[in-house]
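To keep things clear, I will list the structure first and then write my remarks on it.
There are 2 protein chains.
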Amino acid sequence: MTAPPHETRPRNTGRALPDTQQGMRRRNLARVLHSVSAEGPLSRAGVAARIGLTRAAVSTLVDELIRAGLLEELGPERPARVGRPGSALTVSDRGPAGIGAEIGVDHLAVCAVDLRGAVRARAVRHGGNRGRAPGPVLEDLTALIHRVVAEAERAELWPAGLAVAVPGLVAGDGRTVVRAPNLDWLDTDLGGLLPADWPLTVDNEANFGALAELWLVDGTPRDFLHVSAEIGIGAAIVVDGDLLRGARGFAGELGHVPVRPDGPACACGGRGCLERYAGEEAVSRAAGVEPRGDTVRLLQERAEGGDEGVRAALRDAGTALGIALTGAVNLLDPETVVLGGALAGLSPWLLPSLEAELTGRTTGPACPVTVSGLGSEGPLLGAAHSVVRAVLDDPASVAGRS
Amino acid sequence: MTAPPHETRPRNTGRALPDTQQGMRRRNLARVLHSVSAEGPLSRAGVAARIGLTRAAVSTLVDELIRAGLLEELGPERPARVGRPGSALTVSDRGPAGIGAEIGVDHLAVCAVDLRGAVRARAVRHGGNRGRAPGPVLEDLTALIHRVVAEAERAELWPAGLAVAVPGLVAGDGRTVVRAPNLDWLDTDLGGLLPADWPLTVDNEANFGALAELWLVDGTPRDFLHVSAEIGIGAAIVVDGDLLRGARGFAGELGHVPVRPDGPACACGGRGCLERYAGEEAVSRAAGVEPRGDTVRLLQERAEGGDEGVRAALRDAGTALGIALTGAVNLLDPETVVLGGALAGLSPWLLPSLEAELTGRTTGPACPVTVSGLGSEGPLLGAAHSVVRAVLDDPASVAGRS
DNA sequence: TTAATTTGTCAACGGCCATGACGAATAGGC
DNA sequence: GCCTATTCGTCATGGCCGTTGACAAATTAA
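Each protein sequence line maps, in turn, to chains A and B. For the first sequence, the UniProt record's numbering begins at 1 and goes up steadily by one. For the second sequence, the UniProt record's numbering begins at 1 and goes up steadily by one.
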């Protein structure tokens with residue numbers, strides 16, 4: 001039988017698994033693992049109370065997760081209250097690992113994160129990649145990956161997947177880089193150029209950065225806007241704890257939101273786009289700084305040093321950002337706006353004018369703007385954690401391996 | 001046991017029901033009903049083939065749905081191919097009905113829609129409501145509701161819920177109107193002023209209009225932007241077949257997206273908001289028309305009559321809309337933009353300049369802009385159908401009643 | 001009339017969680 | 001030191017639910 005012509009599944013099921021008993025089992029495995037992962041060491045009884053299953057059911061689920069190497073038994077708990085003490089369970093630190101990789105404009109980085117969320121291995125290679133062909137860059141990256149994987153394997157971890165953060169737009173297939181302006185890459189399928197030993201995901205670094213914020217920073221709401229400026233100015237939109245990708249996967253192009261409709265022409269075909277006011281090139285020109293490899297650091301140093309020209313340029317960029325974000329906040333009603341990537345370091349000089357625009361243009365309480373605490377680590381960590389989350393969300397998918 | 005401190009459910013489950021056997025049954029009931037609803041009369045075997053369950057399982061599910069009055073047996077099918085002919089099943093037209101209501105600035109409307117999607121009863125009351133207190137308006141509305149319900153009941157339908165579309169912002173509780181500028185209502189809980197005989201939902205008319213577009217117009221994609229102008233200018237954002245509501249439920253405020261950051265001051269506190277260029281008041285002023293009850297119709301007549309001043313005003317409004325939508329499209333990457341509400345009637349004069357901005361400011365294929373086919377019926381139909389969809393999505397929720 | 005095919009149903013079965021009972025392991029009271 | 005209350009983990013049993021396999025019914029094709 002072929003696929004039905006219409007959508008015949010009810011809305012609520014979403015991407016849920018088939019509504020079969022195995023699907024139910026699968027989801028319950030995930031709930032048990034999630035519960036232990038989120039709330040530290042826990043006894044079987046503790047898990048049962050939290051997720052609403054019986055102790056007996058949790059026992060069989062836990063057995064399965066232990067056999068799969070995802071949970072570990074720590075032995076008897078310190079008895080805090082009367083009654084037989086439970087046997088503490090933890091997520092294993094010798095099970096699957098998420099391998100995250102980042103292709104930056106002037107560096108490559110790879111790391112391995114275990115199920116507990118700890119970084120267990122990492123490798124970095126400094127050096128500009130602007131204009132280098134994909135082949136050599138990915139050869140270098142593959143070398144780093146193999147080094148990190150080897151180190152992870154010495155720690156009895158095994159890679160459950162590879163996620164790569166790139167500074168550019170990624171097609172819906174999750175493998176092809178459509179356009180990476182700062183690398184000069186066009187329509188490059190990374191799948192053929194990277195080791196095929198593990199499931200591969202490729203995504204925009206802004207998206208991974210936003211997910212890192214969501215997963216790793218306490219207090220991050222489930223609806224927020226994560227703005228970063230590495231490639232132009234990108235926004236990752238998180239709705240109910242999930243990335244909003246858009247119909248073609250190109251959502252979040254904040255850089256080309258019109259700020260002054262009659263402003264200077266932009267490469268995108270429009271006029272007065274945000275990038276012409278707050279993009280790296282525009283800001284450095286306004287600041288009288290010659291663009292180079294790490295312009296951002298230079299700007300930051302000059303601003304810290306009190307260079308009034310640089311500060312004024314950043315103030316103006318903040319104003320433009322505030323105008324564009326006013327539109328975005330009106331449309332999306334996020335709980336917060338988070339400045340990440342290069343913007344985080346420059347925030348002391350961007351924020352005042354940005355917030356002035358945002359509050360001045362809104363009635364009622366303005367949307368709070370915060371600065372990412374992860375700094376430039378976000379995309380790499382987000383990539384590695386995305387693999388870990390995939391395992392936590394469906395442990396059965398890796399139960400067969402080891 | 002109290003609620004767990006963290007979110008311990010894996011992401012994929014979304015709003016899914018508890019992962020129990022009854023939950024599975026519930027979802028499968030929904031899948032069967034959905035399947036019959038979407039693909040016309042179908043035999044049990046046909047349903048089984050489509051949703052991937054066995055004929056035996058479908059049989060018991062169908063029995064339950066028939067007992068609940070949601071499905072009907074039509075008798076033997078016309079045998080098209082060899083083999084015993086199946087017994088055709090249809091969604092019942094004597095089961096639950098969705099009651100939709102609309103509070104417009106100058107009319108009230110109520111209708112009843114059966115499970116098949118047919119409008120089975122309706123009532124309208126013309127007359128302006130601008131500035132009337134909520135009490136009298138809702139009394140009038142209640143009278144219309146009772147009339148429609150009585151008519152539906154004569155057709156052996158029973159109301160499964162009441163959904164009310166209002167021209168204003170609605171709080172997250174789905175009952176309270178936070179602000180309805182054109183009615184002059186503030187923080188009004190409609191729950192206490194409407195019949196409490198059925199589950200009540202209150203939502204923005206733009207949201208219901210967008211849902212109507214999604215559910216009733218063939219070819220509507222699952223990711224689109226629905227722009228309407230009744231209260232200011234609102235956009236309903238549909239992502240993967242679901243409304244994007246935002247953290248506070250206020251998403252879609254397109255009217256206050258900055259179009260010219262140094263433009264005229266707006267009541268919202270900002271400057272140069274879209275509403276100052278394309279809002280009803282701004283357009284009628286630019287056109288030299290005195291605002292009154294049904295300004296939109298007046299503008300439409302004048303434009304049709306060839307009034308160059310009105311046409312120029314609408315062109316300018318289209319330009320402003322195009323600028324604001326460029327920002328929205330860049331952020332959200334929708335598959336299409338749909339003009340609904342009052343904008344649909346004015347589209348002949350808005351579209352050219354709107355599309356010129358949109359295509360001129362984008363590289364690659366521009367996001368297509370279409371005009372709603374539902375006209376002013378959208379919100380009312382969307383409201384009624386939202387109740388019907390709720391039944392289709394979880395038939396067990398109404399199985400007890402009748 | 002016979003063979004082939006498809007439908008709807010039934011009985012038996014297997015997977016999965018709930019129920020209830022049990023031994024094990026602890027704290028507190030005497 | 002001993003007994004009771006409490007909690008933990010496990011086991012056997014049962015109920016719910018979809019699957020499997022078989023069968024009668026109803027149709028077409030030969």
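Cβ coordinates follow ideal geometry from the N, Cα and C atoms, glycine included.
- Assignment of residue 197/B by DSSP, reduced to helix, strand and coil, places it in the coil class.
- In the three-state scheme derived from DSSP, where H, G and I count as helix and E and B as strand, residue 92/A is classed as coil.
- From the beta-carbon of residue 253/B, the residues of chain A found nearer than 8 Å are 330, 331 and 333.
- At a C-beta separation below 9 Å, residue 260/B has these neighbours in chain A: 260, 261 and 262.
- Residue state for residue 87/B is assigned as strand, using DSSP reduced to three classes.
- Looking only at 54/B, 35/B and 40/B, the smallest Cα-Cα distance to residue 20/A is reached by 54/B.
- Considering only 362/B, 347/B and 366/B, the residue with the shortest C-alpha distance to residue 373/B is 347/B.
- Annotation: residue 90/A has no Cβ neighbours in chain B at a cutoff of 7 Å; minimum Cβ distance is about 15 Å.
- For the C-beta of residue 221/A, the chain B residues within less than 9 Å are, from N- to C-terminus, 247.
- Within the segment 310-330 of chain B, the residues whose Cβ lies closer than 8 Å to any Cβ of chain A are, in chain order, 323, 324, 326, 327, 328 and 330.
- Under the Cβ distance rule, residue 340/B does not count among the residues neighbouring chain A, no pair being separated by less than 8 Å.
- Excluding sequence positions up to five before and after residue 205/A, its CB lies within less than 7 Å of the CB of 102, 165, 166, 167, 230 and 379, all in the same chain and listed in chain order.
- If you look at residue 135/A, you'll find it in the alpha helix (DSSP H) that goes 134-154.
- Only residues of its own chain outside the window of five on either side were considered, and among them 392 have a CB closer than 6 Å to the CB of residue 34/A, listed in chain order.
- Taking a beta-carbon distance threshold of 8 Å, residue 270/B counts as an interface residue toward chain A.
- About 4 Å separates the beta carbon of residue 144/A from that of residue 110/A, a gap short enough to meet the 8 Å contact definition.
- One thing to note: residue 85/B has its Cβ no nearer than 8 Å to the Cβ of residue 73/B.
- The three-state reading of DSSP puts residue 101/A in strand, counting E and B together.
- DSSP places residue 228/A in the strand class (E or B) of the three-state scheme.
- Contact between the segment 290-305 of chain A and the segment 324-331 of chain A is absent: fewer than 3 CB-CB pairs across the two stretches fall below 8 Å.
- According to the DSSP assignment, residue 381/B belongs to the alpha helix (DSSP H) that extends over 378-393.
- Closest in alpha carbon position to residue 255/B, among 266/B, 245/B, 96/B and 249/B, is 266/B.
- Residues of the segment 352-371 of chain B with a C-beta less than 7 Å from any C-beta of chain A: 360, 361, 362 and 363, listed in chain order.
- Taking 8 Å as the cut-off, the beta carbon of residue 95/A is found closer than this to the beta carbon of residue 69/A.
- Looking only at 339/A, 295/A and 124/A, the smallest Cα-Cα distance to residue 224/A is reached by 339/A.
- Selection 271/A, 310/A and 273/A evaluated against residue 288/A yields 310/A as nearest (Cα-Cα).
- In the three-state reduction of the DSSP assignment, residue 122/A falls in the strand class, which pools E and B.
- For residue 74/A, the secondary structure class from DSSP, reduced to helix, strand or coil, is strand.
- Contact with chain B is found for residue 27/A, since one of that chain's Cβ atoms lies less than 8 Å from the residue's Cβ.
- Across the set 259/B, 260/B, 237/B and 336/B, the C-alpha of 237/B shows the shortest separation from the C-alpha of residue 249/B.
- By the C-beta density criterion, residue 385/A is buried, having at least 16 other C-beta atoms within 10 angstroms.
- Bridge pairing for residue 185/A: 180/A [DSSP].
- Distance from the CA atom of residue 37/A to the CA atom of residue 335/A, rounded to whole angstroms, is 26 Å.
- For the options 341/A, 318/A, 275/A and 363/A, the alpha carbon positioned closest to that of residue 355/A is the one of 318/A.
- In the structure shown, the three-state DSSP call for residue 220/B is coil.
- Under DSSP, residue 203/A takes part in a beta bridge, and its partners are 165/A.
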